[in-house]
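**Student:** Sharing a structure, written as structure tokens. Questions coming.
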DNA sequence: TGTAATTACGGGATACGTAAAGATG
DNA sequence: CATCTTTACGTATCCCGTAATTACA
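Chains as they are written, first to last, in the working numbering: chain E, 1442 to 1747; chain R, 1442 to 1747.
Right under this line is the structure:
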């Protein structure tokens, strides 16, 4: 039944030299020590200790058994320490799924530092536009832009997904810059089409509260890259995330327009399976992302109007 | 607290593939399995199994831990099997204390066979006339002729200590053979002097019940060897144990007299410390002695009157 | 709808401590 | 006489099982 508990107790008795000392060391009564030792000897069918009034000394069998006990107890402690120490020194394979653009642009950027910091972690970074089934995919962390749904999943916000309206200098030169939200109706708006959203409804938050405009244009796509390239080519006006368009704005290849009107900010989440005890590598990765993106994402500074 | 019990349970769950199967295999309820697994994960601070509706599969940490668990459980089983198997294949050092004459004549005679039968036993056979303190002497078995006293000791009769009255042919030729017990009063009786006995009172059991005679003589000793040599030399009449005088009677160097009157038979005992579980080598030795001496000691046959 | 895991709850085994007794130097 | 071990006994803990709940295919 309670094998190791008795074995551990026996080892302590041998180490302490007598039952009373072991009782003190273990914080038990001598009666408990005595009874459990007797039980152990009953179970093994052999006497382990010779008791005298001066103390208890192991029999020959007891000595041999003690050696093995010490070894076993050490193994157990080592095993438990190793498994418990996984939080401090994360180990194992970490599978991360991220959107393609965000993964390439921002996750991959920090991968070397992450791997250097946690040398025992093997990172499997998969970029995919697909939704994720954690169990079948053996996925540890899913980076997702926008709100999560599943209750079994726990989502941690790692960065704001600030979006802006922008167009290329060429477009603005040719068609003029819209001055109000409603002006967008008369422009060629590049529509990014995501599931479960009304792609033509562009929402804004401005100094006077929310405002909505129904836009139209000659290009619609489900791929941000297509929209971005078209915007760069001067085809029309696009809504872009700052993490995505930041360097383009900095290089003046795209210009933010309608400032200070911006679409409502959503968030970027690191999503993991809810569990009582997260694997160390998962926590390590999510904490790492927070460290890099969390407070004030580095891609905001050049994009901020000034 | 109950480390290994949970570890063993976890290993069984991994082996079984899901909690329900493990519950069946272990004869427990799934509720118990679940709770104890959760407790183990709490204690380790890490999730070991990912539960789905199809079963439970180990996490990466769980797999690593499982490997160690299998190893540890094997070590425990091995250790316990070895210690419990000591009865079947006795091991270790066996310290035996025996009277000098009996040890030389009868124990030593069988030592080679004993050692051949139990090759893993190391025998330490100490011949001594002294009384024995088991604890300080680290003695396992004490061979003693006559009744034991100590309640902490357990005595097993291994042979009868039959005694006879005898004298050398020379003595009988010179002084005649006594025909009755009371005739001994007129003979030179060699008195063996043991502690706590009235050495001059010789007791007999005969066809008409017990009989006692107070004898006297010109030699008294506490050493049987002295008495025996004196008897052989024709000095007088002696009481000898059959195990001691057997061959001398056979060779007609001593002759039993007063047959069928003999001193009351005492016993030869193998004495060991009382303990719930005797070490295998102790049982092996005592059983071996019983096998050799127990039913009808081989030294009786030549001594029996015929 | 059926199987698997978890949670809630009540009962029973068990392991502890206190206290007394036995043993030993 | 002091110390150590064992036994006796009452109590509290905890551990399991039954049953209900939730999740998933």
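We put the CB at the ideal spot given by N, CA and C, even for glycine.
Exposed or buried, which one is residue 1628 of chain E when buried takes at least 16 other CB atoms within 10 Å?
**Tutor:** Looking at its Cβ environment, which holds 16 or more other Cβ atoms inside 10 Å, residue 1628 of chain E is buried.
**Student:** Taking 7 Å as the threshold (C-beta atoms), are residue 1615 of chain R and residue 1706 of chain R in contact?
**Tutor:** Result no, Cβ atoms of residue 1706 of chain R and residue 1615 of chain R do not sit closer than 7 Å.
**Student:** Does residue 1635 of chain R pass the burial test, meaning 16 or more other C-beta atoms within 10 Å, or should it be called exposed?
**Tutor:** Residue 1635 of chain R is exposed by the Cβ-count criterion.
**Student:** Classify residue 1527 of chain E as helix, strand or coil using the three-state DSSP reduction.
**Tutor:** Residue 1527 of chain E: helix per DSSP, three-state reduction.
**Student:** So which residues of chain R does residue 1527 of chain E contact, with C-beta pairs closer than 8 Å?
**Tutor:** Near residue 1527 of chain E (Cβ distances below 8 Å), the residues of chain R are 1487, 1502.
**Student:** Pick from E:1710, E:1546, E:1453: whose alpha carbon is nearest that of residue 1508 of chain E?
**Tutor:** The shortest C-alpha separation from residue 1508 of chain E is found at E:1453.
**Student:** Do we get a CB-CB distance below 7 Å when we pair residue 1516 of chain R with the residues of chain E?
**Tutor:** Yes, because at least one Cβ of chain E sits closer than 7 Å to the Cβ of residue 1516 of chain R.
**Student:** In whole angstroms, what separates the C-alpha of residue 1639 of chain E from that of residue 1500 of chain R?
**Tutor:** Their backbone Cα atoms lie some 40 Å apart in a straight line.
**Student:** I'd like to confirm something about residue 1556 of chain R: is its beta-carbon nearer than 6 Å to some heavy atom of the ligand SAH, or not?
**Tutor:** Summarising the ligand content, the structure contains no ligands, and the ligand SAH is consequently not present.
**Student:** Among E:1540, E:1686, E:1693, which residue has its Cα nearest to the Cα of residue 1610 of chain E?
**Tutor:** For the residues E:1540, E:1686, E:1693, the minimum Cα distance to residue 1610 of chain E belongs to E:1693.
**Student:** Along the region 1705-1717 of chain R, where does the CB come closer than 9 Å to a CB of chain E? Name the residues.
**Tutor:** Result list: 1714, 1716, 1717.
**Student:** With distances taken from CA atoms, which of E:1542, E:1484, E:1665, E:1533 is nearest residue 1505 of chain R?
**Tutor:** Ranking the options by Cα distance to residue 1505 of chain R, first place goes to E:1533.
**Student:** I need the boundaries of the beta strand (DSSP E) containing residue 1539 of chain E, first residue and last residue.
**Tutor:** Its beta strand (DSSP E) spans residues 1533-1539.
**Student:** Take residue 1450 of chain R and list the residues in its own chain whose beta-carbon comes closer than 6 Å to its own, dropping the five residues that flank it on each side.
**Tutor:** Excluding positions up to five away in sequence, the list reads 1477.
**Student:** With the cut-off set at 7 Å, would you say residue 1527 of chain R and residue 1502 of chain E are in Cβ contact?
**Tutor:** Yes, the pair counts as a contact, with Cβ atoms nearer than the cut-off.
**Student:** For residue 1466 of chain R, collect the residues of the same chain with a Cβ closer than 7 Å to its Cβ; drop the 5 residues on either side in sequence, then sort them by chain order.
**Tutor:** Excluding sequence neighbours, residue 1466 of chain R sits near 1453, 1457.
**Student:** So what does DSSP say about residue 1587 of chain R, is it helix, strand or coil?
**Tutor:** It is coil, neither helix nor strand.
**Student:** Name, please, each residue of chain R whose Cβ falls closer than 9 Å to the Cβ of residue 1446 of chain E.
**Tutor:** By Cβ distance, chain R contributes 1442, 1443, 1444, 1445, 1446.
**Student:** Does DSSP classify residue 1743 of chain E as helix, strand or coil?
**Tutor:** Confidence is the limiting factor: at residue 1743 of chain E the pLDDT is only 47, short of 50, which leaves the residue's position unreliable and the question unanswerable from this model.
**Student:** Between the alpha carbons of residue 1459 of chain R and residue 1472 of chain R, how many angstroms are there, rounded?
**Tutor:** Between residue 1459 of chain R and residue 1472 of chain R, the C-alpha separation is close to 13 Å.
**Student:** Under 8 Å by Cβ, that's how I've got residue 1513 of chain E and residue 1517 of chain R pegged, so tell me the actual separation to the nearest angstrom.
**Tutor:** Yes, they are in contact, since the Cβ atoms of residue 1513 of chain E and residue 1517 of chain R sit about 6 Å apart, within 8 Å.
**Student:** Which residues in chain E have a C-beta closer than 9 Å to the C-beta of residue 1720 of chain R? List them in chain order.
**Tutor:** Result: 1487, 1488, 1500, 1501, 1502.
**Student:** Going by DSSP, what residues sit across from residue 1607 of chain R in a beta bridge?
**Tutor:** Paired residue(s): R:1679, R:1697.
**Student:** Could you list which residues in chain R have their beta carbon closer than 9 Å to that of residue 1524 of chain E, in chain order?
**Tutor:** Near residue 1524 of chain E (Cβ distances below 9 Å), the residues of chain R are 1485, 1486, 1487, 1489, 1502, 1503, 1505, 1506, 1509.
**Student:** Which one of E:1733, E:1588, E:1720 has the shortest CA to CA distance from residue 1749 of chain E?
**Tutor:** With chain E represented from 1442 up to 1747, any question about residue 1749 of chain E goes unanswered, as that position is not in the structure.
**Student:** Would you verify that the beta carbon of residue 1750 of chain E is, or is not, closer than 7 Å to some beta carbon of chain R?
**Tutor:** It is not possible to answer for residue 1750 of chain E, since the shown part of chain E is limited to 1442 through 1747.
**Student:** Skipping 5 residues on each side, what residues in its chain have a beta carbon closer than 7 Å to that of residue 1641 of chain R?
**Tutor:** Same-chain partners within the cutoff: 1632, 1655, 1656, 1657.
**Student:** Assuming residue 1578 of chain R contacts residue 1541 of chain R under a Cβ cut-off of 8 Å, what Cβ separation, rounded to an integer in Å, is found between them?
**Tutor:** Actually they are not in contact, since the Cβ atoms of residue 1578 of chain R and residue 1541 of chain R sit about 16 Å apart, beyond 8 Å.
**Student:** Give me whichever residues DSSP pairs with residue 1516 of chain E in a beta bridge.
**Tutor:** Bridge partners of residue 1516 of chain E: none, in fact.
**Student:** Across which residues does DSSP place residue 1708 of chain E in a beta bridge pair?
**Tutor:** Looking at the DSSP assignment, residue 1708 of chain E forms a beta bridge with E:1601.
**Student:** Is there contact between the region 1593-1601 of chain E and the region 1641-1651 of chain E, where contact requires at least three CB pairs shorter than 8 Å?
**Tutor:** Contact fails: fewer than three Cβ-Cβ distances are below 8 Å.
**Student:** What separation, rounded to the nearest whole angstrom, lies between the Cα atoms of residue 1669 of chain E and residue 1681 of chain E?
**Tutor:** Distance between the alpha carbons of residue 1669 of chain E and residue 1681 of chain E: 8 Å.
**Student:** Going by the DSSP bridge assignment, what does residue 1684 of chain R pair with across the sheet?
**Tutor:** Its beta-bridge partners do not exist; DSSP assigns none.
**Student:** Start and end of the alpha helix (DSSP H) containing residue 1566 of chain R?
**Tutor:** Unbroken run through residue 1566 of chain R is the beta strand (DSSP E), 1562-1568; no alpha helix (DSSP H).
**Student:** Any beta-carbon of chain R closer than 7 Å to the one on residue 1533 of chain E?
**Tutor:** Residue 1533 of chain E counts as touching chain R.
**Student:** Buried or exposed for residue 1556 of chain E, going by 16 or more other Cβ atoms inside 10 Å?
**Tutor:** By the 10 Å Cβ count, residue 1556 of chain E comes out exposed.
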